[in-house]
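Chains as they are written, first to last, in the numbering used here: chain A, 115 to 238; chain B, 21 to 161.
Using N, Cα and C, we set each Cβ at its ideal position, and we do this for glycine too.
Notes for the one structure printed next.
Have a look at this one:
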């Protein structure tokens with residue numbers, strides 16, 4: 115099974131990476147290349163949308179966590195949204211969901227982002 | 021007493037990541053008629069991917085031209101998968117470099133953790149210059 119990656123700019127400093135298909139040992143490098151090409155220092159928020167992701171192996175997980183680490187080091191935000199049950203199970207097995215910004219759907223994530231924005235506006 | 025029904029199938033693969041696709045096809049073809057729950061099928065797909073990647077990544081140059089043999093053995097409500105390769109002695113279950121870093125998953129080590137978590141039994145043997153690694157998964161139909 116192949117991998118399909120779509121990167122969209124949500125606003126000037128936010129990118130959504132939609133990942134469809136199989137993120138495995140054969141395809142993980144494709145995602146790494148997209149991240150390297152699309153996610154620069156000026157990006158404040160990266161959203162990995164896994165709605166169409168059917169399969170995830172440790173090779174794919176490494177790319178996801180490297181991206182998260184890069185965003186943490188840059189003082190940015192890394193969000194995961196729309197995890198299918200079989201994908202969520204993989205994250206749970208490796209005990210990786212604690213401390214991560216994971217949202218079950220778009221609405222939940224939008225509410226979080228709106229709350230974050232309000233905090234900035236309120237000067238908190 | 022009736023003997024439990026078992027069946028066995030085998031495939032030979034090359035030491036290259038692309039052959040993982042053939043392995044997935046082989047698994048799918050051999051489990052779709054077994055009335056196996058979808059979640060178990062997904063678990064097995066992930067397990068074989070991790071084991072195969074491990075073998076390919078740890079192969080020395082001398083063994084890269086040799087085959088990796090994979091055998092599926094079905095029991096009544098269980099499946100055993102055995103990987104045999106001629107690479108240098110390598111027991112993934114005792115590979116300290118492969119330990120998962122719980123605070124930094126970007127460092128890897130997750131593959132072995134997934135294999136152990138998603139199967140009920142794992143066994144490594146070194147037999148006649150070959151690594152023989154078997155995992156077994158039990159399931160309810």
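- Annotation: the continuous beta strand (DSSP E) that includes residue 117/A extends over 117-125.
- The Cβ of residue 113/B sits no closer than 8 Å to any Cβ of chain A.
- For residue 134/A, no Cβ of chain B is located within less than 8 Å of the residue's own Cβ.
- Not one beta carbon of chain A lies nearer than 8 Å to the beta carbon of residue 87/B.
- When only Cα atoms are considered, residue 132/A and residue 168/A end up about 12 Å apart.
- Residue state for residue 158/B is assigned as strand, using DSSP reduced to three classes.
- With a beta-carbon spacing of about 4 Å, residue 158/A and residue 127/A fall inside the 8 Å limit used to define contacts.
- Interface with chain A (8 Å Cβ-Cβ cutoff): residue 79/B is excluded.
- For the 8 Å CB-CB criterion, residue 89/B and residue 38/B do not form a contact.
- Contact residues of the segment 136-149 of chain A toward chain B are 138, 139, 140 (C-beta to C-beta distance below 8 Å).
- Per the coordinates, the alpha-carbon of residue 161/A lies some 43 Å from the alpha-carbon of residue 106/B.
- Of all residues in the segment 137-151 of chain B, those with a C-beta nearer than 9 Å to a C-beta of chain A are 137, 138, reading in chain order.
- In this structure, 61/B is the residue among 151/B, 61/B, 137/B with its C-alpha nearest to the C-alpha of residue 97/B.
- Rounded to whole angstroms, the Cβ separation of residue 177/A and residue 146/A is 5 Å, and the two are in contact under 8 Å.
- With 16 or more other CB atoms across the displayed protein chains lying within 10 angstroms of its CB, residue 181/A is buried.
- When DSSP reads this structure, residue 44/B sits in no beta bridge, so it has no partner.
- Residues of chain A with a Cβ closer than 7 Å to the Cβ of residue 131/B are, in chain order, 172.
- Taking all protein chains shown into account, residue 74/B has 16 or more neighbouring C-beta atoms within 10 Å of its C-beta and is therefore buried.
- Cβ-Cβ separation between residue 118/A and residue 135/A: approximately 5 Å, consistent with a contact (criterion under 8 Å).
- Below the 9 Å Cβ cutoff, chain B contributes 58, 59, 62, 63, 66 as neighbours of residue 200/A, in chain order.
- As summarised for the segment 45-84 of chain B, the continuous alpha helix (DSSP H) elements at least 4 residues long and confined to that stretch are 58-78, given in chain order.
- For residue 192/A, no chain B residue has a C-beta closer than 9 Å to its own C-beta; the minimum C-beta separation is roughly 12 Å.
- Residue 131/B sits in a helix when the DSSP states are folded into three classes.
- Note that the C-beta distance between residue 204/A and residue 170/A is below 8 Å.
- Between the alpha carbons of residue 149/B and residue 192/A lies a gap of roughly 46 Å.
- Boundaries of the alpha helix (DSSP H) around residue 205/A: 199-207.
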